[in-house]
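Enquirer: Residue numbers (my numbering), protein chains in the order written: chain Z, 1 to 1109; chain P, 10001 to 10357. Heads up, the beta-carbon is just placed ideally off N, CA and C, and yes, glycines get one too.
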């Protein structure tokens, strides 16, 4: 239960002069944890004091260890007057509580003062001795790992993904307490910083407890936010995805290797979740198509759609909803499969209140289908809430406040709950049982607060979501209920499970997620469906909007680009409820327009899908700002977008017509130019000739595999036979694809505005690309050039009565100019891509618009990027395999572990020739419905299996040949790169990876909150000077903390909050910044030892798996 | 409608060399933007004036924030605020401490005091260098001067280590410090033809041969002040001109050696006594600080100008000085050989450097 925290103060340097007379400082240090304080001796008359203190020891509960920061205060000793504080350092010791993270914190920390900024540095050593605590009712959750990264962290493997965790704590904001009137700004700022530090510690601990309850050991995609509600308090809330992660180690690799070679079923039982799956899922089969149709009508719809209808009732009037785009699983004939799959997973997922995942990147085969974006907003009036729930406000006694009328977090909880319910119902309406890429945000202006939640409706594989507590009863009873149907389902179940096992190669790679999850006869919204351009079997929507990253396996034509929709709407000043109503009335229009703008811009670029969509609505006194950012791409699986057609309604006027045709021409030109720019040249053959498609597909696969396996051709033939029933439809949909030109009517001024704003978006300068997702589709050969930056602009509107159009233009120009400036600044990095471009807009005051951008510029190698389509296709696949190293082993490991067909797996590994008998055997074991079909499906799966295997082989040989192996290590032997000189270079990136390098250790989460205030704004260089140095200071402090943990980079870095307030008349300004990220140690690939991989030719496949750790 | 705030902060501090130079040159943001526009960055990168202005402002602000660190370059390497790659740091420091020859000629040998600083606007007007840049350069001189004043050890090395400057620049600063400390007169009209590098060379000679440090290298101020004992000893050289026999002997020895080797032999012979008197008098007077200041002007007036009027070539001067020095060693009654060598070695190389044809 308890732990011992030890701290030692070594030295200081570059201290400020505190004694004007001597130009020196008599410094000493106070080290405080909780209520215990230690002091060092005074080091007289030195700006570079050496204290070399003893070890200060604090004996504390681990609960406190999690909540409290270690507080180090540097003071100047004064004999006659009070000691002057030089500054403080808060050290979050959470990383030390996790056995796998950092072991010691040691390094130079900037001494920070909220008024003066950084004032020198202090060298501190911190250690923790933690005694193991197995108490089940403990309040601490030490050992639960936290990651900001919104995908499975690179050196881990997901065993289970448990799902959504959320927590929220509320407190009174020290800034708004009565005592604030008499205390100094410094004291007030420090109280605030400390409170937020405490609250986030507490929040993290509570979330950790929830994770432990769920049986997980980590939180991935941890997103913590602050709501500064002013008078009504301070809310710290967090959401995340609970997971059980396994560190990928060499011993583990060995186990896999062994497992593979022996194909021993002994390991099967280790994973309960997987064992569970075995009896229910595969290995029996109903007769083919006609019967499936029957099942479809009789069984699945009733169940899934009754839910949908009920959910639609719960929609709230205040909250507009958006459901955009879609993708689906099977076409008509696969209805039952869908139903089964859904139920399977649903049964696991539905045990949870919210089947939400904050992840945006997924283990392979986890994401099956994507429905589209779901979002919900609600407008709330903030009230001062009474009756503190003391359990949530432990910090009071620490801060020793005299009066506390605190808020109950229940109210806020209820608000979010409401919103999440709505999201859930939206997802259901899209035929999805889960929401991925989920995030929540708020915008507050005075007492009005807009809560927003958004995510992507999706169908997930049951693979990772299964709990130990999976309801087998449920499924069993269902099976008994209709024997016949079950048979059919089971037949499909094989397909389903094979998909979930990562054998999606059965379908042409990775178009699965584009297939619609909802039923095409009962579509939740009007959309034009066509057959998937990859597999030709399933229906896909014409456009797909998502909040997730581009799945690594996705087939993308050309490159992507950042697409933004920007909108400003004026609003009357209002008070209270009236104001809230006005805002909520405006919201739907705002969202609709943003959506239209996005769609237009997407089409203008000749693309058909949006990833990483993030819609921000900011509210001010007199306006609403909407900014939607996303990365547009051309998904090969989706139909080519039609052009934009302009139509006028007054056809008599000749000049008018001319005007229109001019505009039309401009638009067409732009589309053509964009297609060229983003290298969008979809293989036309795909849409024209199924045969051509097939041959290309075959060629493609062979290209990738490069080994003489005859499978592909055979495989494609199988496809054809499989999709025979839908051949006619195929022909039909071709003509249909050309009709979908988008018509813009420019009768109204709005449309003219739209077109205008469409055309005014300046193209990125040559050599630049931009996206707001993790990776840019179409660019893979990153060099190590990396530049993370934050840029902030505040724009003052001098003219108070602006029209919507005027405002729009200003806002649009502001964003465009900001982007232009960024391109100019980073021109030396060309060719380069701005990745993870994240805009935060705010309306800090009546006439101010604030835009903050954080992104990373990454340069890449130009030569390789200009390869033709097929080669890059190769690369895509290769990348998909190499990039997500850990993903490789899933299929292998699973096949080895799967009890369903251990024999066939073993066979599959060794030989392709004789899968038939072996496949049959297990089917017999598990079901009486053995027939021709089951073995057929079995065979299909095995072939896919083999193909995958072959491709791995090729990959590794390709790897060897390529001069710059990416994202993959050859050996783990060379370990930690020691920081050499006095200052470690710390890289920062909002991405979850560092190009050309390998993350070997996660050291813990960095979550820091700073306040900076000045009363001498002019002297500090005005608002720009003030903010510039503050941001630089924040970076410096983040780097220092990472370096002290032994790390050399921060990944998944984000600036979540940047609240800037100024009062130039009083020469004052204040700014709050909240940043977070994951501290890591990475090593350059060039530093990695090369293993003698040549000798492993026979074993390459396994070794490449093993190394992909 | 206006941009109220506009900042860009990179994890690695972005600095454009060209903009840095404009900043160092003391341009205002607007002037710098103009220069950049003329330089053609805009066409290169499709930027607008607005973008250029924003970028320039931002970088100027960054430089301003860095300036505090640049004034103490050792700090730049272990500060945490700006993450700057080492090669960039070196560039920043080198350029910050670089100075214009035109400027340094104006202040070389002047006292680095507030008074001189006040006169910088005149210097600025005269040289066309912005006042801001003049101030920076002047402050650099003063800062370096103040720091090395209190340090022991070789001057150049101290400067190099303390300010992390490249060798050549450190040497130049050593010269500046040396000149400022000894207040050598360099501004007279007759000295105008000399470049800073001429003086820097001479300073190097003086530092290496005439200071205390040249003999004993663990004395304070050793490289900054001339060796007093040596200066005292120089008085003894007076015998060369005071003693008539010695002077004649010396002359005949030199003439014997020079005969037939130069076209200006006759002039040499006629001028020998004048020239020798000039050089020895310079030596003898160096105990007087006032005369130390006039060292270079004396060299010009007493030696270089007479030679020039007789159209000596540099080779002639070299020949003459070599034999002039060596012949003194043969004089039996001349006992101050070491002092003579130490004196003439420096004089010879200085004169040769200062002798522009």
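Would you decide whether residue 776/Z is buried or exposed? Buried here means 16 or more other CB atoms lie within 10 Å of its CB.
Expert: Looking at its Cβ environment, which holds 16 or more other Cβ atoms inside 10 Å, residue 776/Z is buried.
Enquirer: Compare the Cα-Cα distances from residue 91/Z to each of 1063/Z, 1005/Z and 1072/Z and report the closest residue.
Expert: 1005/Z
Enquirer: Just to confirm the assignment: which complete beta strand (DSSP E) runs, minimum length 3, are found wholly within the segment 32-117 of chain Z?
Expert: 36-39, 56-61, 69-76, 84-92 and 105-113
Enquirer: What is the DSSP secondary structure of residue 369/Z, reduced to helix, strand or coil?
Expert: Residue state, collapsed to three classes: strand.
Enquirer: Does any residue of chain Z have a CB that is nearer than 8 Å to the CB of residue 10014/P?
Expert: yes
Enquirer: Classify residue 231/Z: buried if its beta carbon has 16 or more other beta carbons within 10 angstroms, exposed otherwise.
Expert: exposed
Enquirer: Taking just the CA atoms, how far does residue 10025/P sit from residue 10031/P?
Expert: 11 Å
Enquirer: What number of angstroms, rounded off, separates the C-alpha of residue 1020/Z from the C-alpha of residue 111/Z?
Expert: CA-CA distance, residue 1020/Z to residue 111/Z, rounds to 19 Å.
Enquirer: Go ahead and label residue 163/Z buried or exposed: buried means 16 or more other beta carbons lie within 10 angstroms of its beta carbon, across all protein chains shown.
Expert: buried
Enquirer: Got a sec, what are the start and stop residues for the beta strand (DSSP E) residue 18/Z sits in?
Expert: Per DSSP, residue 18/Z lies in no beta strand (DSSP E) segment and is marked neither H nor E.
Enquirer: Helix, strand or coil: how does DSSP classify residue 518/Z here?
Expert: Here DSSP, grouped into helix, strand and coil, assigns residue 518/Z to coil.
Enquirer: Would you list, in chain order, the members of the segment 1011-1028 of chain Z that have their beta-carbon closer than 7 Å to a beta-carbon of chain P?
Expert: When CB distances to chain P are screened at a threshold of 7 Å, the residues of the segment 1011-1028 of chain Z falling below it are 1021, 1023, 1024, 1025, 1027 and 1028, in chain order.
Enquirer: Relative to the C-alpha of residue 374/Z, which residue among 1009/Z, 380/Z and 432/Z is closest?
Expert: 432/Z
Enquirer: In whole angstroms, what separates the C-alpha of residue 154/Z from that of residue 463/Z?
Expert: 19 Å
Enquirer: State the DSSP-derived secondary structure class of residue 10262/P, mapped to helix, strand or coil.
Expert: Reduced to three states, the DSSP call for residue 10262/P is coil.
Enquirer: What in chain P is Cβ-close to residue 862/Z, meaning under 8 Å?
Expert: Result: empty, since nearest Cβ-Cβ is about 17 Å, beyond 8 Å.
Enquirer: Please list, in chain order, the chain P residues whose beta carbon lies closer than 7 Å to that of residue 985/Z.
Expert: Close partners of residue 985/Z in chain P (Cβ separation under 7 Å): 10083.
Enquirer: Terminal residues of the continuous beta strand (DSSP E) containing residue 860/Z?
Expert: 848-860
Enquirer: So residue 10350/P contacts chain Z; which residues on that side make the cut at Cβ distance below 8 Å?
Expert: Residues of chain Z passing the Cβ test: none, with the nearest at roughly 41 Å.
Enquirer: Assess contact between the segment 10171-10178 of chain P and the segment 10199-10215 of chain P, defined as three or more Cβ pairs (one per stretch) separated by less than 8 Å. Is contact present?
Expert: yes
Enquirer: By DSSP, does residue 528/Z sit in helix, in strand, or in coil?
Expert: coil
Enquirer: Under 8 Å Cβ-Cβ, which residues of chain Z neighbour residue 10061/P?
Expert: In chain order: 1021, 1024, 1025 and 1028.
Enquirer: Here's the rule I'm using: 16 or more other beta-carbon atoms within 10 Å means buried, otherwise exposed. How should residue 10355/P be labelled?
Expert: Within a 10 Å sphere around the beta-carbon of residue 10355/P sit 16 or more other beta-carbons, which makes this residue buried.
Enquirer: Look at residue 11/Z and residue 49/Z and say whether their C-beta atoms are less than 8 Å apart.
Expert: yes
Enquirer: For chain P, is any of its Cβ atoms less than 8 Å away from the one on residue 820/Z?
Expert: yes
Enquirer: Whether or not the segment 548-565 of chain Z and the segment 629-637 of chain Z are in contact is what I'm after, with contact meaning three or more pairs of Cβ atoms, one per stretch, closer than 8 Å; do they touch?
Expert: yes
Enquirer: Strictly below 7 Å CB to CB, what residues from chain Z border residue 10003/P?
Expert: 793 and 795
Enquirer: Could you check whether the Cβ of residue 798/Z sits closer than 8 Å to any Cβ belonging to chain P?
Expert: yes
Enquirer: Which bits of chain P does residue 817/Z rub up against, with CB to CB less than 9 Å?
Expert: 10003, 10048, 10050, 10051 and 10054
Enquirer: As a quick exercise: from 537/Z, 558/Z, 459/Z and 227/Z, pick the residue whose alpha carbon is nearest that of residue 513/Z.
Expert: 459/Z
Enquirer: Quick one: which residues of the segment 10007-10040 of chain P get their C-beta closer than 9 Å to a C-beta of chain Z? List them in chain order.
Expert: 10007, 10008, 10009, 10010, 10011, 10012, 10013, 10014 and 10016
Enquirer: For residue 10075/P and chain Z, any beta-carbon pair shorter than 8 Å?
Expert: yes
Enquirer: Where do the ends of the alpha helix (DSSP H) carrying residue 660/Z lie?
Expert: In the DSSP assignment, residue 660/Z falls within the alpha helix (DSSP H) that extends over 654-677.
Enquirer: Keeping to the same chain, check which residues put their C-beta closer than 7 Å to that of residue 10325/P; ignore five residues upstream and five downstream.
Expert: 10344 and 10348
Enquirer: Residue range of the alpha helix (DSSP H) that residue 600/Z falls in?
Expert: 576-604
Enquirer: Alpha carbon to alpha carbon, what distance is there between residue 677/Z and residue 667/Z?
Expert: 15 Å
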